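Each remark here refers to the structure printed beneath this line.
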RNA sequence: GCGCCCAUAGCUCAAUUGGAUAGAGCAUCUGACUACGGAUCAGAAGGUUGUAAGUUCAAAUCUUGCUGGGCGCACCA
């Protein structure tokens, strides 16, 4: 289905060409009006063109309009203000678009013009530790972006780049050998690993022999010692088991889980190659990449890829990872969803990859996000000062949701309540995260998150529930989705928004901003609620009734599809 | 010290990337058919976009200075 802006842009470009032959098509941009009083879509081309031609913009606009052939799309095109061209859509056109959308199995989402192979690197928790709040933004953003990219037709590979090879394994293995509490391990392996690490770390500060022993264990592990590898593997497996429970709970999946350890055998080769190519050099005993010709990086510290003691760093692993993904997965684009504090690292990584691979280098992008803050506007912490565990956060979200559901709708069965509490609790958490501009910090607030009104998951899910409820009550579901009159203003307003679904989804991937979709969905829910208030469906006379049922159906599908793109489920009852 | 980022209604956030009278939600005040789910809807009030200058037809958005805050800066990840 051809989107409304596409129709208008084509006609506009044609009209502009007849005035200025050299005008580039990019001039013919059409955007939705931010205020419905102006019209439905607008073009600002006349202002830019007027400047170029040395003519008053309104005159240029008039000239453009006189050559514009949009009678089938617009009922009116007028000029306003400094030279804005405003397009007013024909109701019949909106109706035709809606008919197409209703019949479309993709719910109107147009396929991407140029599908890419995109690797999404996100979540990436460290093994032997619990997942905590610090992982939620990466996990939610990454998962949502993967879903959206797939929906528009890109080939997406998701990869959970686990931190499974850190220097902490020296302490852990030493602890495992000397201080392991078997019963505690059986009860809660991660908690036991965390305890071991803390205990050994503390002990090693006062007892240097323990520190040395831990270092030896690490060296043994890296040298491939069988016993240490076995312990390392056990720790990794326990961790994965825990992580997978959480991911399942969240509805997040990965195509691959290749942790840092996977790349370990490749690291020396990478360093040698970079040295040979002259990309890396020795400095103060360490192998480094300098960026002397890069104004943004030349004054910063170099990127170290091998320490003076021979050990590798995460910069090395990340370089090896880029090459692996290019060679094995033929990726066009790799997206790293990590927090803003790692910006320097990724700038260096990307610059080093460019030096290394030249034109073979895929598009590399750092999808930055800010911190989650507590009520004190400091990064959120539990009372003890530790990061809040993800499982605890999820449990609390569900418990809070369940309490609200119990109060609002006691008629649900226990099973329905549990299910609804999970969908709403997790959904609210995800939505609160995704609805904010990702690169800013945001303040975490349970009350705002689970609020039943405003731009929240519960409000959207509630809108969905209300639509679905109509279909349960209707004894005949005579839906007519091949003809729309759209007589009531609330119907037309809803319809106009529905046909913009595809236009809301596509720009998300230009700058990886899922909050564009939440804004769209919230506005959809608001328009639906107005329609629902003003336009009786089941009590309406035919053929209005059938038409309104169709509007309800398309709304429900769009809400569901949109929420699913964000990784959020819907409910039939709540 | 160097670098990156941020500052918008009392609070939490938007603003289609330079477009029109800067929009929502919360909180506050007012109103609505005994409601196809009222977990709703309508309305009011709330702003010199931190500050000073500059760029142009047009600036919350771009440039510079200042103020206040966050983060990062050789052998952690």
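Numbering (this note's numbering), first residue to last: 356 to 929.
We put the beta carbon where it would ideally sit given N, CA and C, even for glycine.
Keep in mind the model is a prediction, meaning the values are calculated, not measured.
Alpha-carbon spacing of residue i relative to residue j, whole angstroms
i, j, result
"residue 598", "residue 541", "17 Å"
"residue 620", "residue 628", "14 Å"
"residue 753", "residue 780", "5 Å"
"residue 741", "residue 812", "28 Å"
"residue 675", "residue 618", "6 Å"
"residue 589", "residue 834", "57 Å"
"residue 508", "residue 529", "49 Å"
"residue 867", "residue 383", "24 Å"
"residue 809", "residue 369", "42 Å"
"residue 416", "residue 401", "5 Å"
"residue 815", "residue 787", "12 Å"
"residue 759", "residue 818", "17 Å"
"residue 421", "residue 375", "14 Å"
"residue 647", "residue 634", "11 Å"
"residue 682", "residue 532", "39 Å"
"residue 886", "residue 849", "7 Å"
"residue 748", "residue 398", "46 Å"
"residue 784", "residue 804", "7 Å"
"residue 572", "residue 610", "32 Å"
"residue 626", "residue 660", "7 Å"
"residue 405", "residue 437", "11 Å"
"residue 527", "residue 775", "40 Å"
"residue 582", "residue 485", "24 Å"
"residue 847", "residue 841", "5 Å"
"residue 498", "residue 919", "11 Å"
"residue 423", "residue 443", "13 Å"
"residue 520", "residue 700", "18 Å"
"residue 607", "residue 495", "8 Å"
"residue 735", "residue 656", "30 Å"
"residue 468", "residue 651", "34 Å"
As assigned by DSSP and simplified to three states, the class of residue i
i, result
"residue 638", "strand"
"residue 472", "strand"
"residue 526", "helix"
"residue 924", "coil"
"residue 658", "strand"
"residue 935", "This structure cannot speak to residue 935, because the chain is shown only from 356 to 929."
"residue 845", "helix"
"residue 382", "helix"
"residue 652", "coil"
"residue 535", "coil"
"residue 723", "strand"
"residue 425", "coil"
"residue 625", "helix"
"residue 728", "strand"
"residue 861", "coil"
Given residue i as reference, the closest of the options once Cα atoms are compared
i, options, result
"residue 479", "669, 524 and 445", "669"
"residue 894", "830, 771 and 552", "830"
"residue 690", "464, 417, 472 and 367", "472"
"residue 586", "440, 667, 630 and 482", "482"
"residue 869", "564, 773, 641 and 723", "723"
"residue 488", "823, 921 and 799", "799"
"residue 522", "646, 615 and 423", "615"
"residue 543", "565, 518 and 596", "596"
"residue 719", "728, 727 and 708", "708"
"residue 692", "757, 767 and 514", "514"
"residue 862", "463, 455 and 503", "503"
"residue 612", "388, 564 and 474", "474"
"residue 890", "765, 606, 651 and 904", "904"
"residue 716", "679, 750 and 736", "679"
"residue 792", "577, 725 and 506", "725"
"residue 461", "924, 909 and 925", "909"
Exposed unless 16 or more other CB atoms sit within 10 angstroms - verdict on residue i
i, result
"residue 801", "exposed"
"residue 913", "buried"
"residue 476", "buried"
"residue 731", "exposed"
"residue 427", "exposed"
"residue 536", "exposed"
"residue 696", "exposed"
"residue 639", "exposed"
"residue 721", "buried"
"residue 703", "buried"
"residue 407", "exposed"
Please give me, in chain order, every unbroken run of the beta strand (DSSP E) with length at least 3 that falls completely inside the region 492-520.
510-514
Could I get the ranges of all uninterrupted alpha helix (DSSP H) runs contained in the region 780-854, with 4 residues as the minimum, in chain order?
801-804, 812-828 and 844-853
Could you give the uninterrupted runs of the alpha helix (DSSP H) lying entirely in the region 660-713, keeping only those of 4 residues or more?
669-684 and 698-712
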